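Residue numbers (our numbering), protein chains in the order written: chain P, 16 to 392; chain E, 19 to 284.
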């Protein structure tokens, strides 16, 4: 099956030998966005800010999201990530700055004129329409012929494994099923960008883990840019190609999950993505020999008895165990450092080394290279 | 709540008495419409359909009924359009004087009918009469619309306040233009409220007599006006009973329907 794309030559005098519009035949599984120059970012925010009255929700955000990327916007509630999503979708207009989709400025365009679709946090299904009618809605308002509408809706429902439920009303579905309908309703339009606003937030843990894998698979197969808003760092780390960490309306860091986790740029990122032990000021000078802000991941730390040998490339910090927290697969040790501050160290429960009791003196050791230097903010 | 036997009996008696006061008179009217006697004699002397037949053949009554239906439909139509638009404006937009508009719309239903009647009468006389528009069906419709709008307004705005804007955002997101969103998403959501509001508005208009008295011209007689005129006339008493009986049934139906519709809309 082939789709025809007509490109009008903008400069008639250059049209030597070419009469009428140039026609290029493309396989139909390619969306229109593939025709455009791939050098353009799928979504581009340039100096975007948004104020609601006196509240500064988004403050000077610059961001480029690549075509076909699974991009997560991670941050605590109120950090501006959902507002940024709404600015991309067009539900709100930015107070300043520009929003570009595939290189085209859409800052002033209404949501219905943008080639993006949204999966809402509460799904926002139409309660008076059946599952099939919900999924067909976007095609219906764009006057796609009925037969094609049917077929595409069937396929979208098959993608999310809901074939049997097409004639039900949303009220007769479970939370997970509604979530899938919302996904099918958006995917059926083959948008160039799919926006997902904490789509898994209302699901229980088991279903959420299942849907994480499924979403990732759908994204790979449909080759659509996903912009995924979440406050769950595990979710963001598991699913994303890249992550933007939001805090107080600003982006603190953009990077791959490994970059954000292994090399957090700011204390906020270090603390929000995973657990981090922070060393600053005098404590840092005492332990590391340099001042400034530093972080160490708990799983990088070895727990030693005071007389155990420390490797030459390791940093050692003596302290006393304040508390031991058993958490199944691992045990967390809370250690008060002699240099000041409280550290968390983690040991896998399978490690059958020596036992430590609460109150006993220990030495925390980690490789110098595992000390993360943080920017001052 | 736990009540002892005595207070339970007392409460049930009070409730039975209350319902009796409400419904026994209606029952008497109903029975009298089938009474063979001419003068409301009690107990009824025999069963007869003659008054129903007489009512059916009464030309003045038919005209009055038709006038009432036209007035009700006209007032309801105006109320639907204006009440719905006002409800959308007041719930979906923030503008200066929004609270005042809601208040001013609701006021006519609380105003005594006689005040509305006198005011409209004076206004029509000074404004419409010089333009060549006399008192008649049109003025009755406008008069009724003043208090019908608020019924639709209240129903629709209550529904809109419960309807999150999420569905409308989703519709726009899926490519629907403003009008498509209204037609496919918003309207179905408020349909029940519109219908309930329309039924109540029609019922209000249909039995209105005070405002009607002041806004109908001498040639225009709605059903309530006809009943009022004929009640005191000799020999017409039983015919009025027939009309009243028919109205009891007619009035119960839309109120019951509206009740069900608003219950569903919740």
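C-beta atoms are modelled at their ideal positions from N, C-alpha and C, and glycine is treated no differently.
None of these values were measured; they are calculated from a predicted model.
Run down chain E in chain order and give the residues with a C-beta less than 8 Å from the C-beta of residue 179 of chain P. Sequence index remark: in the first chain, residue 179 of chain P carries index 164 (1-based). Within chain E, no residue comes near residue 179 of chain P; the closest Cβ sits about 23 Å away, beyond 8 Å.
Answer yes or no: does any C-beta atom of chain E fall closer than 8 Å to that of residue 190 of chain P? For this step, residue 190 of chain P is matched to residue 175 along the first chain. No, residue 190 of chain P does not count as interfacial toward chain E.
Which word fits residue 152 of chain P, buried or exposed, when buried means at least 16 other C-beta atoms lie within 10 angstroms of its C-beta? Position 137 of the first chain, counting from 1, holds the residue named residue 152 of chain P. Buried, by the Cβ-count rule.
Let me know the beta strand (DSSP E) ranges lying completely inside the region 180-222 of chain P, each 3 residues or longer, listed in chain order. 208-212
Suppose only complete runs of 4+ residues qualify. What are the alpha helix (DSSP H) ranges in the region 146-174 of chain P, listed by chain order? 146-156, 161-174
Return the residue from the list P/290, P/235, P/184, P/243 that minimises the CA-CA distance to residue 104 of chain P. As a position in the first chain, residue 104 of chain P is number 89, starting the count at 1. Measuring from the Cα of residue 104 of chain P, the nearest candidate turns out to be P/243.
Below 7 Å on C-beta distance, what does residue 194 of chain E contact in chain P? As a first step, residue 194 of chain E must be located in the second chain, where it is residue number 176. Correct list: 127, 156.
How would you list, in chain order, the residues of chain E whose beta-carbon sits under 7 Å from the beta-carbon of residue 135 of chain P? The count along the first chain starts at 1 and reaches residue 135 of chain P at position 120. What residue 135 of chain P touches in chain E: 184, 188.
In whole angstroms, what is the alpha-carbon distance linking residue 267 of chain P and residue 287 of chain P? Locating residue 267 of chain P in the first chain gives position 252, counting from the first residue. Locating residue 287 of chain P in the first chain gives position 272, counting from the first residue. Each residue's alpha carbon lies about 11 Å from the other.
From which residue to which residue does the alpha helix (DSSP H) around residue 119 of chain E run? Translated into positions along the second chain, residue 119 of chain E becomes position 101. Where residue 119 of chain E is concerned, the enclosing alpha helix (DSSP H) stretches over 116-128.
Own chain partners of residue 328 of chain P with C-beta closer than 7 Å, once the 5 adjacent residues on each side are dropped: Mapped onto the first chain, residue 328 of chain P falls at position 313. So the list reads 382, 383, once near-sequence residues are dropped.
Spatial neighbours of residue 321 of chain P within its chain, please: CB distance less than 8 Å, with the 5 preceding and 5 following residues excluded, ordered by chain position. The count along the first chain starts at 1 and reaches residue 321 of chain P at position 306. Excluding sequence neighbours, residue 321 of chain P sits near 333, 376, 377, 378.
In whole angstroms, what is the alpha-carbon distance linking residue 100 of chain E and residue 159 of chain E? The sequence position of residue 100 of chain E within the second chain is 82, counting from 1. The sequence position of residue 159 of chain E within the second chain is 141, counting from 1. Cα to Cα, residue 100 of chain E sits roughly 14 Å from residue 159 of chain E.
With H, G and I counted as helix, E and B as strand and the rest as coil, what does DSSP make of residue 162 of chain E? The residue given as residue 162 of chain E occupies position 144 in the second chain. Note: residue 162 of chain E maps to helix in three-state DSSP.
Taking 8 Å as the threshold (beta carbon to beta carbon), is residue 242 of chain E in contact with chain P? On the second chain, residue 242 of chain E is found 224 positions in, with the first residue counted as 1. For residue 242 of chain E, the answer is no, since every Cβ of chain P falls outside 8 Å of its Cβ.
Applying the criterion that 16 or more other CB atoms from any shown protein chain within 10 Å of the CB defines a buried residue, is residue 217 of chain E buried or exposed? One-based indexing of the second chain puts residue 217 of chain E at position 199. With 16 or more Cβ atoms within 10 Å of its Cβ, residue 217 of chain E is classed as buried.
Mind checking if residue 243 of chain P is an interface residue toward chain E, Cβ cutoff 8 Å exclusive? If you number the first chain from 1, residue 243 of chain P lands on position 228. Residue 243 of chain P does not count as touching chain E.
So which residues of chain P does residue 203 of chain E contact, with C-beta pairs closer than 7 Å? Here the question's residue 203 of chain E lines up with position 185 in the second chain. Simply 141.
Min CB distance residue 211 of chain E to chain P below 8 Å: Locating residue 211 of chain E in the second chain gives position 193, counting from the first residue. No, residue 211 of chain E does not count as interfacial toward chain P.
Counting only the same chain and skipping the five closest in sequence on each side, list residues whose C-beta sits under 6 Å from that of residue 180 of chain E. Mapped onto the second chain, residue 180 of chain E falls at position 162. Excluding sequence neighbours, residue 180 of chain E sits near nothing in its chain.
Interface residues of chain E around residue 153 of chain P at Cβ under 7 Å? On the first chain, residue 153 of chain P is found 138 positions in, with the first residue counted as 1. Ordered by position in chain E, the residues that pass the 7 Å Cβ test against residue 153 of chain P are 192, 193.
Return the chain-ordered list of same chain residues with a C-beta closer than 8 Å to the C-beta of residue 238 of chain E, the five sequence neighbours on each side being excluded. If you number the second chain from 1, residue 238 of chain E lands on position 220. The residues are 85, 153, 154, 155, 158.
Count the other C-beta atoms from every protein chain shown that fall within 10 angstroms of the C-beta of residue 274 of chain E, then say buried if there are 16 or more, exposed otherwise. Position 256 of the second chain, counting from 1, holds the residue named residue 274 of chain E. Its Cβ having fewer than 16 others within 10 Å, residue 274 of chain E is exposed.
Is residue 102 of chain E close to chain P, meaning its C-beta is less than 8 Å from at least one C-beta of that chain? Taking the first residue of the second chain as position 1, residue 102 of chain E is located at position 84. Not one chain P Cβ lies under 8 Å of residue 102 of chain E.
Tell me which same chain residues have a C-beta within less than 7 Å of the C-beta of residue 55 of chain E, skipping the five on either side of it? The sequence position of residue 55 of chain E within the second chain is 37, counting from 1. Taken in chain order, the residues that qualify are 62, 63.
Check each candidate in E/264, E/226, E/258 and name the one with the smallest Cα separation from residue 134 of chain E. Start at 1 with the first residue of the second chain, and residue 134 of chain E comes out as number 116. The candidate whose alpha carbon is nearest that of residue 134 of chain E is E/226.
Under three-state DSSP, which class holds residue 314 of chain P? Residue mapping note: residue 314 of chain P aligns to position 299 of the first chain, counting from 1. Looking at residue 314 of chain P - three-state DSSP - the assignment turns out to be helix.
What residues in its chain sit with their C-beta under 6 Å from that of residue 45 of chain P, if we drop five residues either side in the sequence? Here residue 45 of chain P is taken as the residue at index 30 of the first chain, counted from 1. Residue placement at residue 45 of chain P is flagged as unreliable, the pLDDT there being 45, under the threshold of 50; the coordinate-derived value follows with that caveat. Once the five neighbours on either side are set aside, residue 45 of chain P has no close Cβ partner at all.
Determine, for residue 62 of chain E, whether the minimum Cβ-Cβ distance to residues of chain P falls below 8 Å. As a first step, residue 62 of chain E must be located in the second chain, where it is residue number 44. So no, residue 62 of chain E is outside the interface.
As a quick exercise: from P/94, P/98, P/83, pick the residue whose alpha carbon is nearest that of residue 117 of chain P. In the first chain, the residue the question calls residue 117 of chain P occupies position 102. Per the Cα distances, P/83.
Is the shortest distance between the beta-carbon of residue 106 of chain P and the beta-carbons of chain E less than 8 Å? Position 91 of the first chain holds residue 106 of chain P. It does; some Cβ of chain E falls within 8 Å.
For residue 207 of chain E, which residues in chain P fall below 9 Å Cβ to Cβ? Numbered from 1 along the second chain, position 189 holds the residue referred to as residue 207 of chain E. Residues of chain P passing the Cβ test: 141, 142, 143.
Considering only C-alpha positions, which residue in the set E/276, E/260, E/94 is nearest to residue 68 of chain E? The residue given as residue 68 of chain E occupies position 50 in the second chain. For residue 68 of chain E, the nearest C-alpha among the options comes from E/260.
Is it true that the CB of residue 386 of chain P sits closer than 8 Å to the CB of residue 362 of chain P? As a position in the first chain, residue 362 of chain P is number 347, starting the count at 1. As a position in the first chain, residue 386 of chain P is number 371, starting the count at 1. For residue 362 of chain P and residue 386 of chain P, no; Cβs fall outside 8 Å.
Against chain E, with Cβ distances strictly below 8 Å, would residue 204 of chain P count as a contact? Against the first chain, residue 204 of chain P aligns to sequence position 189. Cβ-Cβ to chain E under 8 Å: yes for residue 204 of chain P.
Cα-Cα separation, residue 354 of chain P to residue 340 of chain P: Within the first chain, residue 354 of chain P is the residue found at index 339, counting from 1. Within the first chain, residue 340 of chain P is the residue found at index 325, counting from 1. Spanning the two alpha carbons is a distance of roughly 23 Å.
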